[in-house]
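Written out below as structure tokens is the structure these notes cover.
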Ligand code: GRF
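Encoded structure:
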């Protein structure tokens, strides 16, 4: 069975959706290990409750981003993952990390990329009066939140929405699309080639599958 390694920094609700999908057979793989840059991340607790190895590495113990990532790579590689999944992992990756898992590294970013890379996307969508917001699953490249988009989900933004309302609405969609994309990868249907995402042999458009 294929092996996933998941990286988290916080609550880990996307990790939970992935664990549930593996448990229910919607993803034909198992989560072999979970790593975090935060010892307090609830995602680690979720992993342990599911009987999965879970570890935190502290940046304070390393002299540089490169040194931290070298150790993280070594620990991840102990689990020989087929796919590395970033699920709310809030630490910038070194080029060496991205290169190591090139074409088997996924991220989920809460915006309709290429709109709003970086932080506080929901807040920006509200401030700009956007009528819709969303989330994107993409392959990771050296460009922050810039790798090829695989699948997006849109949600409406209503005029009286708080930031929390939009976050919650977006996250509901994340729990559906992230496991789905992971299942495509695990089943060999999804690959990254020539800096593009390909599904079932067809190159996906720049905003992913079923993009408008
Ligand atoms: C998600 O909304 C994801 O889009 C972003 O960070 C959030 C993580 O939430 N990258 P959780 O830790 O999975 O609950």
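Residue numbers (my numbering): 1 to 212. Note that the Cβ used here is the ideal one computed from N, Cα and C, for glycine as well.
Spatial distance of residue i from residue j (CA atoms)
i: residue 142; j: residue 23; result: 32 Å
i: residue 212; j: residue 50; result: With a pLDDT of 47 at residue 212, under the threshold of 50, the modelled position of this residue cannot be trusted; read the value that follows with caution. About 38 Å.
i: residue 163; j: residue 121; result: 9 Å
i: residue 161; j: residue 126; result: 8 Å
i: residue 147; j: residue 117; result: 11 Å
i: residue 20; j: residue 128; result: 35 Å
i: residue 190; j: residue 27; result: 13 Å
i: residue 52; j: residue 202; result: 35 Å
i: residue 169; j: residue 158; result: 11 Å
i: residue 4; j: residue 139; result: 15 Å
i: residue 100; j: residue 167; result: 31 Å
i: residue 215; j: residue 55; result: Any question about residue 215 goes unanswered here, given that the chain covers just 1 to 212.
i: residue 41; j: residue 1; result: 27 Å
i: residue 193; j: residue 92; result: 23 Å
i: residue 119; j: residue 200; result: 32 Å
i: residue 115; j: residue 153; result: 13 Å
i: residue 94; j: residue 188; result: 27 Å
i: residue 79; j: residue 62; result: 22 Å
i: residue 183; j: residue 96; result: 26 Å
i: residue 123; j: residue 165; result: 11 Å
i: residue 113; j: residue 36; result: 25 Å
i: residue 299; j: residue 104; result: Here the chain has residues from 1 to 212 only, and residue 299 is not among them.
i: residue 198; j: residue 151; result: 11 Å
i: residue 64; j: residue 195; result: 28 Å
i: residue 39; j: residue 76; result: 17 Å
i: residue 25; j: residue 208; result: 24 Å
i: residue 130; j: residue 204; result: 25 Å
Beta-ladder partner(s) of residue i, from DSSP
i: residue 107; result: 86 and 138
i: residue 151; result: 137
i: residue 31; result: 4
i: residue 15; result: Note: residue 15 sits in no beta bridge, so no partner.
i: residue 193; result: 196
i: residue 203; result: 198
i: residue 55; result: 35
i: residue 81; result: The partner list for residue 81 (beta bridge, DSSP) is empty, contrary to what the question assumes.
i: residue 156; result: 132
Supposed contact pair residue j and residue i - C-beta distance, whole angstroms, cut 8 Å
i: residue 6; j: residue 98; result: The pair is not a contact, with the Cβ atoms about 17 Å apart (cut-off 8 Å).
i: residue 14; j: residue 178; result: 6 Å
i: residue 206; j: residue 149; result: 7 Å
i: residue 226; j: residue 29; result: In the structure as shown, the chain starts at 1 and stops at 212, and residue 226 therefore has no counterpart that could be examined.
i: residue 57; j: residue 72; result: 6 Å
i: residue 32; j: residue 81; result: 6 Å
i: residue 34; j: residue 106; result: At roughly 15 Å, the Cβ-Cβ gap does not stay under 8 Å, so residue 34 and residue 106 are not in contact.
i: residue 232; j: residue 87; result: With the chain covering 1 to 212 only, the question about residue 232 has no answer from this structure.
i: residue 109; j: residue 145; result: 5 Å
Examine the Cβ distances between the stretch 168 to 179 and the stretch 130 to 141 and report whether three or more of them are shorter than 8 Å. As far as the Cβ criterion goes, the stretch 168 to 179 touches the stretch 130 to 141, which means the pair count is three or higher.
Would you call the stretch 39 to 49 and the stretch 62 to 72 touching, i.e. three or more CB-CB distances under 8 Å? Fewer than three beta-carbon pairs drawn from the stretch 39 to 49 and the stretch 62 to 72 are found closer than 8 Å, and the two stretches are therefore not classed as touching.
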